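> Read in order, the letters of the sequence shown correspond to residues 74 to 251 in my numbering.
C-beta: ideal position from N, C-alpha, C; glycine also.
Computed from a predicted model, the values in this text were never measured in an experiment.
This structure is in structure tokens; I'll ask about it shortly.
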Amino acid sequence: MPINVGIRVSPRTKTTAFLRRLKRAAEVVSDLKTTFEEVYHPFMLVHMRDQFATGGRAGGQQWAGLEREPKYAAYKRNIVGNAPILRWPTANEQLYPSLTNPRGAGHLASSSDAAARFGTSIAHAATLDRGGIGPFGEPFPARPILALGPQRNAALFALLKQDILARVEKSRRPTVRQ
């Protein structure tokens with residue numbers, strides 16, 4: 074279903090200048106690849122570090138502990154001590170580096186003119202996110218890894234908007250020819 078937008082120009086507005094600016098804005102918005110690469114991706118990397126550091130609270134929902142998974146908790150404690158939830162701070166850790174390091178194995182980030190993608194290719198990440206049955210047959214709850222929550226979502230959109238408006242303003246400045 075198309076969205077129709079109408080614009081009414083006041084007789085006092087310099088119509089030509091307004092239309093030029095509107096055209097520049099349309100050009101910027103038609104290709105958001107740079108905004109996604111320079112704003113969205115870095116934001117998500119920081120958010121993921123915060124998600125792991127706060128046990129999910131940064132995304133709006135505290136991840137459940139391992140209390141209902143005693144066998145798994147004992148196994149994990151034996152190998153990595155009291156490591157935070159969803160962390161395995163060893164040389165073989167997969168999930169955390171894939172979501173917090175752009176060069177981490179499994180890191181997924183791509184963008185086009187109209188969309189951005191962020192995540193991980195680590196196979197068990199989806200199961201951790203939605204919940205399931207662990208390696209010792211114990212059910213575990215969903216731990217929403219990529220959740221943003223309302224505050225982070227609003228912050229992200231404010232940054233995207235700020236970047237887009239800055240690009241529109243930058244595009245209207247005349248270039249100096251030498």
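1) Where does Gly-222 sit, in a helix, a strand or coil, going by DSSP?
2) Put His-180 into one of helix, strand or coil per three-state DSSP.
3) Quick check on Leu-229: does DSSP put it in helix, strand or coil?
4) Express the C-alpha separation of Arg-141 and Gly-129 in angstroms, rounding to a whole number.
5) Please list the terminal residues of the continuous alpha helix (DSSP H) segment that includes Phe-91.
6) How many Å lie between Gly-210 and Pro-217 at the Cα?
7) Pull the bridge partners of Gly-154 from the DSSP assignment, please.
8) Helix, strand or coil for Met-74, going by three-state DSSP, please let me know.
9) Excluding sequence positions up to five away, which residues of its chain have a Cβ less than 8 angstroms from the Cβ of Arg-240?
10) Would you call Ala-198 buried or exposed, if buried means 16 or more other Cβ atoms sit within 10 Å of its Cβ?
11) Report the residue from Gly-132, Pro-208, Leu-118 whose alpha carbon sits nearest the alpha carbon of Tyr-148.
12) Are the segment 167 to 187 and the segment 111 to 130 touching by the rule of at least three beta carbon pairs closer than 8 angstroms?
13) Whose C-alpha, out of Lys-234, Pro-223, Ala-231, Lys-243, is nearest the C-alpha of Gly-132?
14) Which residues share a DSSP beta bridge with Arg-190?
15) So Ile-195 and Leu-168 are in contact, right, with Cβ under 8 angstroms, and what is the actual spacing, rounded?
16) Assuming Ala-215 and Arg-203 are in contact, meaning their beta carbons sit under 8 angstroms apart, how far apart are those beta carbons, in whole angstroms?
17) Apply the 10 Å Cβ neighbour rule to Thr-163 and answer buried if 16 or more other Cβ atoms are within range, or exposed otherwise.
With the given structure in hand:
1) helix
2) strand
3) helix
4) 18 angstroms
5) 88 to 103
6) 21 angstroms
7) None; Gly-154 has no bridge partner.
8) Only weak support is given to the placement of Met-74: the predicted model assigns it a pLDDT of 42, under 50, and the value that follows is read from those uncertain coordinates. Met-74 falls in the coil class under three-state DSSP.
9) Val-101, Thr-107, Thr-108
10) buried
11) Pro-208
12) yes
13) Pro-223
14) Ser-183
15) 5 angstroms
16) 5 angstroms
17) exposed
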